[in-house]
Ligand code: NAD
């Protein structure tokens, strides 16, 4: 039993160790005694430990999941969805606790953590609606011959998730996979494994049979064992592009259905006719929200022509943000060093640091970088090309819209792209031309909300389709096509 997390402020608080949850029981790894510290990024010190598992633990979880699957797959879809109804209620009831736990292990401020739980609840709601959406088709395709399509589970499936959304990203996968009738092995990020302990507990309270949901804690070794395990049928991954690409290859080689979402370098195109207030508010929220640690965060602002009046408003809003209150820390010291490195390098290469967050802190400890704006950047420097994953906006100036679109399309990622304009024509041209899967008009974080599917293009996604919405259900199920013809028995009477 995992106790509730009782913190109700940012004051430091410890939590129970993150162990494995296999077949409904909490367990330590079979062969390894290794543990890692789970750091509270605001305080820069360990609030818990996480066990580091290996291939044997993956195998034990798969065996438990396989056993549970045999009964779970026979539950009618409506009954499977009832577990999601109950989970939704429990998440609502415990929203404050879950939000504080996310805030402590991830660092994001309370309001952002709460918004994450709310988005997770929305994903669970989608799971509740699946019985009404998942009816297959049936048609008499020729005289006396009927074809029908039935969505069936795959069996044991697995998910691997990143550190930046401890509950929302697991819930991008779980409702569709579980309501679809699969059993699941989840590997949380070793940096933020604690909220999923409470999620496992809530799923148990919601009536999910033991073994249908399993947690295996750890890092690369666990992920590779999941890719290689012959009894795992599908593999969902969300994380950086380097790892997404590698695990997509490995899971596919082992015959698995795989969908692996990767990193991003999102471009926001701002033209002179954009609404100043709306644009400034939105751009700042996009690049500083969750301290820039979102795959949908604004990263490059492409300034088309003379937009200095808008950039001034962006800077004025960003410099008012109070680190610690309006924006949380980044995840660890390595992140601080990486982000500062990009800013130092941009400065050396002649860009102007229009807002400098390098030395901003909140208190004496923790991992802090304040909002930073790099202006007049050469588009070839690393700050303009690579994912920084911190509260840094790089401004690249171009003379016209064609050059802005050309710049966006040269970037290898394709997660998100937005335009700020009051012109319908410009909005339409950008929406038709940018090479990105999730696009926004006057929206800096253009996340397709349920029921629409989340997923980027190019180096931001390996595999086919989207992970959420209806595509998610299709990903975690397979279609059985049944063609039937019934001939009357020769000796049939009206009673037969
Ligand atoms: P990460 O790639 O370092 O880790 C993701 C997961 O992979 C973790 O569970 C980790 O334990 C595991 N992992 C790490 N290295 C591995 C390796 N060499 N082999 C196998 N598994 C490995 O990512 P992160 O730092 O946790 O998260 C941030 C990244 O995730 C950013 O690049 C961000 O853009 C991306 N992200 C993408 C989306 C999306 O929807 N496209 C959403 C959220 C985050």
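Residue numbers (this note's numbering): 232 to 727. For every residue, glycine included, the Cβ atom is placed at its ideal position computed from N, Cα and C.
Can you have a look at residue 541 and say buried or exposed, based on whether 16 or more other CB atoms are within 10 angstroms of its CB?
-> buried
Once you ignore the five residues that flank residue 433 on each side, which residues in its own chain have a CB closer than 8 Å to its CB?
-> The answer, listed in chain order, is 318, 321, 322 and 325.
Where residue 647 falls, given that 16 or more other Cβ within 10 Å makes a residue buried = buried
What three-state label does DSSP hand residue 472 in the structure shown?
-> helix
In whole angstroms, what separates the C-alpha of residue 257 from that of residue 660?
-> 54 Å
Would you call the CB atoms of residue 369 and residue 394 closer than 8 Å?
-> no
Is it right to say residue 683 is buried, meaning 16 or more other beta carbons lie within 10 angstroms of its own, or is it exposed?
-> Residue 683 sits exposed, since fewer than 16 C-beta atoms from the chains shown fall within 10 Å of its C-beta.
DSSP-derived helix/strand/coil call for residue 510 = Assignment of residue 510 by DSSP, reduced to helix, strand and coil, places it in the helix class.
For residue 662 versus residue 672, is the C-beta spacing smaller than 8 Å?
-> yes
Count the C-beta pairs between the segment 685–702 and the segment 392–408 that are closer than 8 Å, then say yes if the count reaches three, no if not.
-> These segments touch.
Contact between the segment 306–315 and the segment 351–362 (3+ Cβ pairs under 8 Å) | yes
Look at the alpha carbon of residue 315 and the alpha carbon of residue 259, and state the distance between them as a whole number of angstroms.
-> Rounded to whole angstroms, residue 315 and residue 259 show a C-alpha spacing of 28 Å.
Would you kindly report the start and end of the unbroken alpha helix (DSSP H) that includes residue 574?
-> Residue 574: member of the alpha helix (DSSP H) spanning 564–579, first to last residue.
Within 8 Å, strictly: CB atoms of residue 533 and residue 651 | no
On the premise that residue 610 lies in contact with residue 627, defined as a C-beta separation below 8 Å, what is that separation, rounded to the nearest angstrom?
-> So it is a contact: roughly 5 Å between Cβ atoms.
In chain order, what residues of the same chain have a beta carbon less than 7 Å from the beta carbon of residue 482, not counting five sequence neighbours either side?
-> 458, 466 and 489
Candidates 382, 261, 282 and 441, of which the one nearest residue 420 by Cα | The residue with the shortest Cα to Cα distance from residue 420 is 282.
DSSP beta-bridge partners for residue 606?
-> Partner(s): 583.
Skipping 5 residues on each side, what residues in its chain have a beta carbon closer than 6 Å to that of residue 544?
-> 507 and 511
Does at least one heavy atom of ligand 1 sit under 7 Å from the Cβ of residue 646?
-> yes
Alpha-carbon spacing of residue 427 relative to residue 607, whole angstroms = 42 Å
Report all residues from its chain with a CB closer than 7 Å to the CB of residue 635; omit the five preceding and five following residues, and keep chain order.
-> 500, 533, 535 and 629
Tell me the DSSP bridge mates of residue 729?
-> No answer is possible for residue 729: it lies beyond the span of the chain, which begins at 232 and ends at 727.
Contacts around residue 381, its chain only, beta-carbon distance under 6 Å, and the 5 residues preceding and following it disregarded | 367 and 711
Under 8 Å by Cβ, that's how I've got residue 338 and residue 562 pegged, so tell me the actual separation to the nearest angstrom.
-> 6 Å
Is residue 405 near ligand 1, judged by its Cβ being under 7 Å from some heavy atom?
-> no
Whole-number beta carbon distance between residue 456 and residue 693, since they are thought to touch under 8 Å = With a Cβ gap of about 20 Å, residue 693 and residue 456 do not count as contacting.
Label residue 722 either buried or exposed according to how many other C-beta atoms from any shown protein chain fall within 10 Å of its C-beta, with 16 as the threshold for buried.
-> exposed
In this structure, does DSSP put residue 697 in helix, strand or coil?
-> coil
Is any heavy atom in ligand 1 found nearer than 7 Å to the beta carbon of residue 680?
-> no
Does DSSP classify residue 342 as helix, strand or coil?
-> helix
Taking only heavy atoms of ligand 1 into account, decide whether any of them is closer than 7 Å to the Cβ of residue 530.
-> no
Does the distance from the CB of residue 492 to the CB of residue 469 come in under 8 Å?
-> yes
Under the three-state DSSP convention, the category residue 384 falls into | Look at residue 384 here: in three-state DSSP terms it is strand.
Report the option in 241, 289 and 335 whose CA atom is closest to the CA atom of residue 278.
-> 335
Exposed or buried, residue 232, counting other C-beta atoms within 10 Å across all chains shown (16 or more means buried)?
-> Its Cβ having fewer than 16 others within 10 Å, residue 232 is exposed.
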